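Student: Letter by letter, the sequence shown follows residues 0 to 527 in numbering that gives the first Met the number 0. Got a structure here, written out as structure tokens. Questions coming.
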Amino acid sequence: MTIRGGFMGRLQGGGQEHDGPVPLDRDALRLFGGYVRAHLGRLLLGAACLLVAVGVTLLLPYLGKVAVDRYIAQNDLVGLAWLGGIYIALNGVYWLASYWQGLITAQVGQRVVYAIRHDLFGRVLAQPLAFHEQERVGQIVSRLTSDTEALSDVASSEVLNLLGDLLTIVGIIVAMLLIDWRLALVTLIPIPLVMASMDYLGRQMRRAYRHVQQEIAAVNASVEQGVSGMRVVQSLGRESFTAEEFEQISLRNMSANLRVSLLFAAIFPTMTITNTLGTVLVLGYGGWLVAQGSLAPGVLLAFFAYINRLYGPLRELALVYNRYQAALASLARIGEYLRREPEIVSPEQPQRPAEGWRGALSLEGVTFAYGDEAPALCDVDLQIAAGETVAIVGPSGAGKSTLARLLTRLSDAQQGRVAIDGVDVRDIASSERTHLAMLVPQEVFLFADTIRENIRYGRPTASDEEVEAAARRAQADAFIQRLPQGYDSYAGEGGALLSGGQRQLVALARALLADPRILILDEATANV
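Quick look at the structure:
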């Protein structure tokens, strides 16, 4: 089945893969670096533990060389026993250093993710209503959940793990060069193959992970839309059709993940081949040197130990590299939101009338259009006195809801001026404006909570008596009292357990509890 349009078609279109590898988002990296730098002290402490662990890692193979060439060759069992004790003690030091490194960096990772998620949600809340009307819910949810979680390991252990692996690799190479430069050069022959492979796979995986994140967002959006619209789905008998649409989106998600798995599967065979090649080269050349008498057997043993320890960090680098590609893809998506500046901001120097707020409204030459569409309002002038009740009527699409949005500054007019008591709404502090003018929209939303708490949302500090008084003013008390648990009855997701009229009465009670100077009803009692 091909989806040619509609909501599900847009979901599929949102996950299209771009040609070519996805470039690094350097702005997003700098943004991420700012969050990590806030925990520099903890990271330095973790780095100190890391240096201890790396030092032990480099020392242990050398102890094996000493054991063979000095103590075993000379049959010095006492010295060998002392060396064994040192070996055990160093492993204990390694365990402690690794434990504290992991603990410290895990704390850093969780704190960084918390800060990013906090700021990200703040940016989402600060966006105008038009943003939330155009952006898919699944996209927003994915950025706040799976995308931020993908940064957790990178923000904590992976930063130091990467440093530790690099230090270990460099340290092993230096140690091998100091012990026997000839054998060291032979050992390093396969390394360019590893680097070239990782560079190619990394660029491809970054592209693949970006595609995966897009498809996850599409799945989230599909689930959210299907569940939220379940009444429509079931009333029209479209369960099978909706299931098929979701199956197509899930298949796209599976295909994107399989692409990542295919690339990731190529990493370990590459590492195994290079490891084997390095071992064979050391065995052949080193064995020949030992047979010629120009290399001590302990040196060859140490090199075998170093090879195993060299390709271990290289394998870990491959794993870290894989996780970095996932994190970079998520970081690019998160960065798009974090860099998005709010279109409607509170003024730096708020104004208020000298005589205090009364609630008079005025529009002077107001023009507003949605995007590139024809103006919904054109050169509108309107004066409403404080305390006056006004009904604005007109056919659908005449601009009534648009007018309500402008009066509450959910949108800003492109031309003209909207004022309360003579003060331009753009010059009123956001915290004060929300108490001055409140909109009860056509489409009422209730939270998945009790009716009491849904009403109390209008003024969170209100007492139960004030909540019930607001319900009585909205004429909602009668139906609430008839419910099995009264005000403590569960409203359901989006108020799904209430009728349309009941939801509107609860929303009206919520607005009355907030007690604004100006109350705007956008057909808010159409179903009552």
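Ideal Cβ positions, reconstructed from N, Cα and C, are used throughout, including at glycine. Small disclaimer: the values here were computed from a predicted structure and weren't measured.
Can you tell me whether Phe-31 is buried or exposed, with buried defined as 16 or more other CB within 10 angstroms of its CB?
Tutor: What you label residue 31 is simply residue 32 of the sequence shown in a count that begins at 1. Under this definition Phe-31 is a buried residue.
Student: Taking C-beta to C-beta, are Ala-510 and Leu-497 nearer than 7 Å?
Tutor: In the sequence shown, the residue the question calls residue 510 occupies position 511. In the sequence shown, the residue the question calls residue 497 occupies position 498. No.
Student: Quick check on Gln-382: does DSSP put it in helix, strand or coil?
Tutor: Position 383 of the sequence shown holds residue 382. It is a strand residue.
Student: Flag this pair as yes or no: are the beta carbons of Leu-362 and Thr-407 separated by less than 7 Å?
Tutor: Your numbering for residue 362 matches position 363 in the sequence shown. Your numbering for residue 407 matches position 408 in the sequence shown. Cβ distance not < 7 Å, so Leu-362 and Thr-407 don't count as in contact.
Student: Distance check for Arg-142 and Asn-219, CA to CA, integer angstroms please.
Tutor: On the sequence shown, residue 219 is found 220 positions in, with the first residue counted as 1. On the sequence shown, residue 142 is found 143 positions in, with the first residue counted as 1. Cα to Cα, Asn-219 sits roughly 11 Å from Arg-142.
Student: What separation, rounded to the nearest whole angstrom, lies between the Cα atoms of Ile-215 and Asn-252?
Tutor: Taking the sequence shown and counting its residues from 1, the one referred to as residue 215 is at position 216. Taking the sequence shown and counting its residues from 1, the one referred to as residue 252 is at position 253. Roughly 6 Å between the two C-alpha positions.
Student: By Cβ distance below 8 Å, which residues in the same chain neighbour Thr-278 in space, the five residues on each side in sequence not counted?
Tutor: Position 279 of the sequence shown, counted from the first residue, corresponds to residue 278. The answer, listed in chain order, is Phe-303, Ile-306.
Student: Within this structure, are the beta carbons of Thr-147 and Val-112 separated by less than 7 Å?
Tutor: Residue mapping note: residue 147 aligns to position 148 of the sequence shown, counting from 1. Residue mapping note: residue 112 aligns to position 113 of the sequence shown, counting from 1. In contact: Thr-147 and Val-112 (Cβ atoms closer than 7 Å).
Student: Which residues mark the beginning and the end of the alpha helix (DSSP H) in which Ala-80 is found?
Tutor: Reading the sequence shown from its first residue, position 81 is the one you call residue 80. First-last of the alpha helix (DSSP H) with Ala-80: 76–125.
Student: Who are Thr-366's beta bridge partners in DSSP?
Tutor: As a working note, residue 366 is residue 367 in the sequence shown. Answer by DSSP bridge pairing, in chain order: Gln-414.
Student: Could you check whether Leu-376 and Val-365 sit closer than 7 Å to each other, using their CB atoms as the reference points?
Tutor: In the sequence shown, the residue the question calls residue 365 occupies position 366. In the sequence shown, the residue the question calls residue 376 occupies position 377. Yes; because the gap between Cβ atoms is below 7 Å, this pair is in contact.
Student: With DSSP as the reference, label Ala-436 as helix, strand or coil.
Tutor: Within the sequence shown, the letter at position 437 stands for residue 436. Of the three classes helix, strand and coil, the one that applies to Ala-436 here is strand, per DSSP.
Student: Output the boundary residues of the alpha helix (DSSP H) element that contains Ile-517.
Tutor: To locate residue 517, count along the sequence shown from 1; it is residue 518. Counting along the chain, Ile-517 falls outside any alpha helix (DSSP H), though it belongs to the beta strand (DSSP E) covering 517–520.
Student: So is Ala-508 buried or exposed if we call it buried at 16+ other beta carbons inside 10 Å?
Tutor: Stepping through the sequence shown from its first residue, residue 508 is reached at position 509. Buried is the call here.
Student: Sorted by chain position, which residues of the same chain lie with C-beta nearer than 7 Å to Ala-325's C-beta, five sequence neighbours on each side aside?
Tutor: Indexing the sequence shown from 1 puts residue 325 at position 326. For Ala-325, where only same-chain residues beyond five positions count, the Cβ hits under 7 Å are Ala-149, Tyr-208.
Student: Quick one: residues in its chain with C-beta nearer than 7 Å to the C-beta of Glu-522, no 5 flanking neighbours on either side, listed in chain order?
Tutor: The count along the sequence shown starts at 1 and reaches residue 522 at position 523. If we look at Glu-522 and ignore the five residues flanking it on each side, its Cβ neighbours are Gln-441.
Student: Counting pairs of beta carbons, one from the segment 81–93 and one from the segment 126–142, are three or more of them closer than 8 Å?
Tutor: Judged by Cβ distances under 8 Å, the segment 81–93 makes no contact with the segment 126–142, as fewer than three pairs qualify.
Student: Between Pro-459, Ala-428, Arg-36, which has its C-alpha nearest Val-344's C-alpha?
Tutor: Residue mapping note: residue 344 aligns to position 345 of the sequence shown, counting from 1. Closest by alpha carbon: Ala-428.
Student: Counting only the same chain and skipping the five closest in sequence on each side, list residues whose C-beta sits under 7 Å from that of Ser-488.
Tutor: Counting from 1 along the sequence shown, the entry for residue 488 is found at position 489. Hits under 7 Å: Thr-449, Ile-450, Leu-482.
Student: Select from Leu-44, Ala-359, Ala-397 the residue whose C-alpha is nearest the C-alpha of Ala-373.
Tutor: Taking the first residue of the sequence shown as 1, we reach residue 373 at position 374. Out of Leu-44, Ala-359, Ala-397, Ala-397 has the C-alpha closest to the C-alpha of Ala-373.
Student: Quick check for students: name the residue ranges of the alpha helix (DSSP H) that lie wholly in the segment 140–217, counting only runs of 4 or more.
Tutor: Segments of the alpha helix (DSSP H) lying fully in the segment 140–217: 158–178, 180–186.
Student: Would you check if the segment 293–301 and the segment 168–188 touch, i.e. whether three or more CB-CB distances between them fall below 8 Å?
Tutor: Judged by Cβ distances under 8 Å, the segment 168–188 makes contact with the segment 293–301, as three or more pairs qualify.
Student: Based on the DSSP output, what are the partners of Tyr-489 in its beta bridges?
Tutor: As a first step, residue 489 is located in the sequence shown; it is residue number 490 there, counting from the start. Looking at the DSSP assignment, Tyr-489 forms a beta bridge with Thr-449.
Student: Work out the CA separation of Ser-260 and Met-7 for me, nearest whole Å.
Tutor: Counting from one through the sequence shown, the residue named residue 7 turns up at place 8. Counting from one through the sequence shown, the residue named residue 260 turns up at place 261. Here Met-7 scores only 37 on pLDDT, less than 50, and its place in the model should not be relied on; the value that follows carries that caveat. The straight-line gap from Cα to Cα measures roughly 26 Å.
Student: For Asp-361, write down the residues that DSSP places opposite it in a beta bridge.
Tutor: Start at 1 with the first residue of the sequence shown, and residue 361 comes out as number 362. Rather than Asp, the amino acid found at residue 361 in this sequence is Ser. Partner(s): Gln-382, Ala-418.
Student: The alpha helix (DSSP H) that contains Arg-404, what's its start and end?
Tutor: Taking the sequence shown and counting its residues from 1, the one referred to as residue 404 is at position 405. Looking at the DSSP string, the run of the alpha helix (DSSP H) that includes Arg-404 is 399–406.
Student: Three or more C-beta pairs closer than 8 Å, one from the segment 460–469 and one from the segment 417–424: is that the case here?
Tutor: They do not touch, by the three-pair rule.
Student: I think Asp-411 touches Gln-350, with their Cβ atoms under 8 Å apart; what is that distance to the nearest whole Å?
Tutor: Locating residue 411 in the sequence shown gives position 412, where the first residue counts as 1. Locating residue 350 in the sequence shown gives position 351, where the first residue counts as 1. Contact flag wrong, Cβ pair sits at about 16 Å.
Student: Work out the CA separation of Ala-114 and Gly-283 for me, nearest whole Å.
Tutor: Counting from 1 along the sequence shown, the entry for residue 283 is found at position 284. Counting from 1 along the sequence shown, the entry for residue 114 is found at position 115. Answer to the nearest angstrom: the Cα atoms are 54 Å apart.
Student: Going by DSSP, what residue range makes up the alpha helix (DSSP H) through Thr-56?
Tutor: For the purposes of this step, residue 56 is taken as the residue at position 57 of the sequence shown. Element bounds for Thr-56: 39–65.
Student: Taking the alpha helix (DSSP H) that Ala-373 falls in, what are its first and last residues?
Tutor: Position 374 of the sequence shown, counted from the first residue, corresponds to residue 373. Neither: Ala-373 is in no alpha helix (DSSP H) and is coded neither H nor E.
Student: Kindly indicate the opening and closing residues of the alpha helix (DSSP H) around Tyr-34.
Tutor: To locate residue 34, count along the sequence shown from 1; it is residue 35. Residues 25–36.
Student: To which residues of the same chain is Val-289 closer than 7 Å at the C-beta, ignoring the five residues directly before and after it?
Tutor: What you label residue 289 is simply residue 290 of the sequence shown in a count that begins at 1. Excluding residues within five positions, the ones whose Cβ falls inside 7 Å are Pro-296, Leu-299.
Student: Taking its Cβ as the centre, do 16 or more other Cβ atoms sit within 10 Å of Tyr-199, making it buried, or is it exposed?
Tutor: Looking up residue 199 in the sequence shown gives position 200. Tyr-199 should be labelled exposed.
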